[in-house]
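A short write-up of the structure that comes next.
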Amino acid sequence: MTPDAPRRYRVALLLALLALAALAGCGRTPPTGTTTVKLLVDVDGVYQVSARELAAAGFDLGAGSDGLALTAGGEPVAFELTGQGRDRALRFYGQGLGPEAYTATNVYWLTRGPAAGDTPNHIAAAEGTPPAAGAATQVVTATMRIEEQRQRRSDGRETEDRWTWRTLFAPTEFEFKADVPAPADGSGMLSLYVIANSQAPVAPDHHLTVTVNDAPVADVTWDGLGPHIITATIPAGILRAGENIVRLAAPGDTGAAADAVILDRAELAYARTLILEGETLTFAGDAAAYAVELAERPVLFWDITDPARPVALPLTGAQDGRLTVRGGDGLRRFIAATERGLRKPTAILPAPASDLPDFPGGADLLIVTTPQFRAALQPLVVARTEQGLRVAVVDVAAVNDAFNHGRAGPDGIRNLVQHALAAWEPPAPRFLLLAGDASYDPRGYLSATETDHVPTQEVYTAYSGWSASDVWYGMPDDGPAAKPQIAIGRLPAQTPEQMAVMVRKTLAYAQAGDAAWRRNALLVADNDEPGFATAAADFATQLAGYDTQQVTIADDGRAAREQLISAFDGGTGLIGYFGHGSVVLWAQEKVFATDDVAQLTNRNRLSIVFTVTCLSGFFDHPTTPSLGETLLRADNGGAVAALVPSSAAVLSDQRLLAQNLADALAGDVETLGAAVLRAQAGLPETLDGVRDILLTFNLLGDPTLPLGR
Numbered sequence: 019m020t021p022d023a024p025r026r027y028r029v030a031l032l033l034a035l036l037a038l039a040a041l042a043g044c045g046r047t048p049p050t051g052t053t054t055v056k057l058l059v060d061v062d063g064v065y066q067v068s069a070r071e072l073a074a075a076g077f078d079l080g081a082g083s084d085g086l087a088l089t090a091g092g093e094p095v096a097f098e099l100t101g102q103g104r105d106r107a108l109r110f111y112g113q114g115l116g117p118e119a120y121t122a123t124n125v126y127w128l129t130r131g132p133a134a135g136d137t138p139n140h141i142a143a144a145e146g147t148p149p150a151a152g153a154a155t156q157v158v159t160a161t162m163r164i165e166e167q168r169q170r171r172s173d174g175r176e177t178e179d180r181w182t183w184r185t186l187f188a189p190t191e192f193e194f195k196a197d198v199p200a201p202a203d204g205s206g207m208l209s210l211y212v213i214a215n216s217q218a219p220v221a222p223d224h225h226l227t228v229t230v231n232d233a234p235v236a237d238v239t240w241d242g243l244g245p246h247i248i249t250a251t252i253p254a255g256i257l258r259a260g261e262n263i264v265r266l267a268a269p270g271d272t273g274a275a276a277d278a279v280i281l282d283r284a285e286l287a288y289a290r291t292l293i294l295e296g297e298t299l300t301f302a303g304d305a306a307a308y309a310v311e312l313a314e315r316p317v318l319f320w321d322i323t324d325p326a327r328p329v330a331l332p333l334t335g336a337q338d339g340r341l342t343v344r345g346g347d348g349l350r351r352f353i354a355a356t357e358r359g360l361r362k363p364t365a366i367l368p369a370p371a372s373d374l375p376d377f378p379g380g381a382d383l384l385i386v387t388t389p390q391f392r393a394a395l396q397p398l399v400v401a402r403t404e405q406g407l408r409v410a411v412v413d414v415a416a417v418n419d420a421f422n423h424g425r426a427g428p429d430g431i432r433n434l435v436q437h438a439l440a441a442w443e444p445p446a447p448r449f450l451l452l453a454g455d456a457s458y459d460p461r462g463y464l465s466a467t468e469t470d471h472v473p474t475q476e477v478y479t480a481y482s483g484w485s486a487s488d489v490w491y492g493m494p495d496d497g498p499a500a501k502p503q504i505a506i507g508r509l510p511a512q513t514p515e516q517m518a519v520m521v522r523k524t525l526a527y528a529q530a531g532d533a534a535w536r537r538n539a540l541l542v543a544d545n546d547e548p549g550f551a552t553a554a555a556d557f558a559t560q561l562a563g564y565d566t567q568q569v570t571i572a573d574d575g576r577a578a579r580e581q582l583i584s585a586f587d588g589g590t591g592l593i594g595y596f597g598h599g600s601v602v603l604w605a606q607e608k609v610f611a612t613d614d615v616a617q618l619t620n621r622n623r624l625s626i627v628f629t630v631t632c633l634s635g636f637f638d639h640p641t642t643p644s645l646g647e648t649l650l651r652a653d654n655g656g657a658v659a660a661l662v663p664s665s666a667a668v669l670s671d672q673r674l675l676a677q678n679l680a681d682a683l684a685g686d687v688e689t690l691g692a693a694v695l696r697a698q699a700g701l702p703e704t705l706d707g708v709r710d711i712l713l714t715f716n717l718l719g720d721p722t723l724p725l726g727r
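With positions in the sequence shown counted from 1, the corresponding number in the working numbering is that position plus 18.
Written out as structure tokens, the structure reads:
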């Protein structure tokens with residue numbers, strides 16, 4: 019194969035992935051027409067896009083709506099066209115993806131052409147005449163949600179929010195503001211969603227008081243761990259228009275040694291006068307008719323009970339500064355907007371305009387990355403191609419466009435993998451390399467720094483709650499018996515420089531060939547529990563073909579630490595650790611930690627690392643590099659690859675994977691990814707704890723790494 023071949027394959031793959039052909043069951047975007055643009059939306063509201071703005075992205079809105087279609091998430095969205103000529107514009111109701119989604123940004127696809135269909139999906143106009151003003155409701159119950167995403171709570175229950183606001187350690191106080199528009203006479207209801215995070219022998223062991231604008235509204239005690247809802251009636255006259263202060267106090271007077279309560283969010287229900295002032299008015303109700311005071315003139319009034327198919331209500335019923343509109347059967351939602359209330363998409367981007375075939379040559383190795391890492395990855399692509407592998411490289415944004423309706427997140431990659439396994443030129447892809455780091459904070463709640471380059475999937479585990487799983491990408495479904503169908507690895511780089519280091523180390527390891535040091539193994543066992551040394555001994559017994567040494571930590575761990583560093587520097591093909599650990603270190607004695615990696619000097623004698631421990635592969639932490647990542651990123655030495663857990667687990671479950679891995683490494687597999695895949699395939703299907711091991715032991719490194727014999 020010529021050096022240009024991988025480039026041709028990559029170009030072909032990109033063209034294929036940018037195709038927007040419909041694919042049942044794979045989450046692909048709708049068919050595109052001759053011209054398509056993407057409209058990015060991150061909050062709910064009415065959006066207006068002018069013909070001039072669309073023309074700047076290469077889209078001709080034209081004079082009519084024939085052949086025009088708007089979709090989001092693969093579903094049609096109604097729209098209307100307003101104005102004439104240069105003032106022509108598209109209007110629609112857009113929705114962001116909510117606070118718990120991977121991203122707030124939703125993608126609306128605007129298409130014109132034969133594939134869009136012949137019948138435009140226009141916003142319908144309400145039938146009938148406006149009701150009489152005298153029968154209309156002027157006050158509704160408004161509900162507002164108040165929260166900030168400041169703390170990640172990975173170890174909560176599976177059904178609880180992963181992001182919370184504030185932890186109150188008694189004695190303490192915390193206050194927040196509630197901006198209340200147009201309150202009417204009447205009482206309100208404040209609901210505080212909290213999570214008790216401590217417990218004590220005394221009962222009750224939690225106490226909170228609540229005031230609104232300095233007026234006491236709640237004084238509650240309760241007992242035990244877990245979610246709790248505090249409801250407080252706000253007497254009439256307390257709420258005021260604009261800023262209101264809610265203050266929580268935890269006096270710490272229950273007698274408990276600790277009283278810790280997490281505030282997740284607040285919800286406020288109150289009587290609201292219907293008045294349009296400023297930009298928009300959004301409300302809900304079940305009345306037959308509503309009378310809205312108009313401080314400003316609306317340009318539209320829509321029923322958005324079905325957000326994808328709004329119904330336009332007539333504005334002709336406005337008299338004496340008041341507009342009367344008809345309600346309907348059951349609870350319905352409405353929005354009125356002034357000219358200033360019409361939102362603009364955060365971006366208008368040109369999109370592919372034609373359906374294209376899938377990657378014609380198939381692939382053995384599929385690499386998903388971002389443009390900033392492509393140059394650093396090129397030596398690896400060339401090397402694997404020269405070895406005879408069919409290599410396909412694709413940008414994660416293109417994957418999302420083609421396989422997840424343009425929405426960022428892990429679903430697009432999984433849909434791509436399943437599609438490639440089923441539909442690409444056989445043999446099916448054997449390896450998936452995720453080239454770029456991930457973060458459990460893709461929306462930047464904790465840090466504004468971009469740390470999520472190629473996403474991972476969070477799965478719920480028994481001992482750590484939500485934990486990173488790249489293995490999930492290879493699973494055909496989420497059933498209890500599912501096993502990965504493809505070997506998966508990740509090069510967790512945050513910068514092109516880090517990616518270049520990992521690629522250099524990967525290629526250097528292969529160049530070592532069958533050097534004797536690659537058959538050396540060192541197994542380090544924690545002395546905290548005897549089971550660790552036993553597990554290490556069992557692993558050594560099964561690791562046929564390796565010259566294996568075992569050391570057990572003693573005293574302060576200094577001797578074991580020295581042996582471990584010496585093994586790295588001297589050249590040891592496999593280093594294993596069996597014992598207690600954390601994100602950044604092994605053993606209570608700190609026998610090895612991220613701070614130690616910088617002193618390693620095994621630049622050309624790199625190790626494969628495997629751990630039977632907790633959290634050494636917590637690679638999706640947004641600010642703290644895990645020990646596994648640090649070993650791969652080090653230019654001076656460290657590891658070429660690491661099979662490490664992103665979660666906590668128990669030894670009895672982890673030993674099963676260790677035994678399978680030893681058998682695989684001692685067998686006839688040619689690559690590290692194949693060895694890991696074989697170890698995963700041998701895990702029992704009936705144990706919940708083992709399921710966590712399968713999903714959260716992620717391979718950091720290239721799955722096509724040759725093992726050598």
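Backbone N, C-alpha and C fix where the C-beta goes; we use that ideal spot for every residue, glycine too.
Answer with buried or exposed for residue i, where buried requires no fewer than 16 other C-beta atoms within 10 angstroms of its C-beta.
i           : result
residue 343 : buried
residue 298 : buried
residue 457 : buried
residue 263 : exposed
residue 529 : exposed
residue 98  : buried
residue 313 : exposed
residue 220 : exposed
residue 341 : buried
residue 102 : exposed
Do you know offhand how far residue i's Cα is from residue j's?
i           : j           : result
residue 624 : residue 608 : 22 Å
residue 318 : residue 361 : 13 Å
residue 490 : residue 713 : 6 Å
residue 347 : residue 324 : 13 Å
residue 215 : residue 241 : 11 Å
residue 634 : residue 597 : 11 Å
residue 388 : residue 270 : 50 Å
residue 149 : residue 203 : 25 Å
residue 111 : residue 131 : 22 Å
residue 43  : residue 179 : Any reading at residue 43 needs caution, since the residue's pLDDT is 37, under 50, leaving its predicted position unreliable; the model's value is listed next. Roughly 28 Å separates the two Cα atoms.
residue 705 : residue 139 : 50 Å
residue 93  : residue 328 : 14 Å
residue 235 : residue 172 : 32 Å
residue 175 : residue 672 : 23 Å
residue 444 : residue 438 : 9 Å
residue 426 : residue 167 : 19 Å
residue 61  : residue 194 : 22 Å
residue 599 : residue 67  : 54 Å
residue 128 : residue 78  : 11 Å
residue 108 : residue 154 : 32 Å
residue 304 : residue 345 : 7 Å
residue 157 : residue 292 : 6 Å
residue 294 : residue 333 : 13 Å
Measure how close the beta-carbons of residue i and residue j come, nearest whole angstrom, since I'm counting them as under 8 Å.
i           : j           : result
residue 539 : residue 590 : 7 Å
residue 690 : residue 659 : 6 Å
residue 379 : residue 408 : 6 Å
residue 721 : residue 505 : 4 Å
residue 65  : residue 201 : Going by Cβ atoms, the distance from residue 65 to residue 201 rounds to 29 Å, so no, they are not a contact pair.
residue 205 : residue 254 : 5 Å
residue 488 : residue 716 : 5 Å
residue 268 : residue 188 : 4 Å
For residue i, is the beta carbon positioned less than 8 Å from some heavy atom of the ligand ATP?
i           : result
residue 473 : Among the components of this structure there are no ligands whatsoever, and the ligand ATP is therefore not found.
Taking one C-beta from the region 417-426 and one from the region 546-557 each time, how about it: are there three or more such pairs within less than 8 Å? no
Unbroken beta strand (DSSP E) runs of length 3 or more, entirely within the region 530-617: which are they? 538-543, 565-570 and 592-596
Threshold first: 3 residues or longer. Then list the beta strand (DSSP E) segments lying entirely within the region 628-686, N to C. 657-663
Counting Cβ pairs, one atom from each stretch, are 3 or more of them under 8 Å apart for the region 672-685 and the region 644-653? no
Would the region 475-491 and the region 396-416 be scored as touching if the rule is three or more Cβ pairs under 8 Å? no
Meets three-Cβ-pair contact criterion under 8 Å: the region 209-227 and the region 273-281: yes
Runs of beta strand (DSSP E) wholly within the region 282-337 (minimum 3 residues, chain order): 298-303, 307-312 and 318-321
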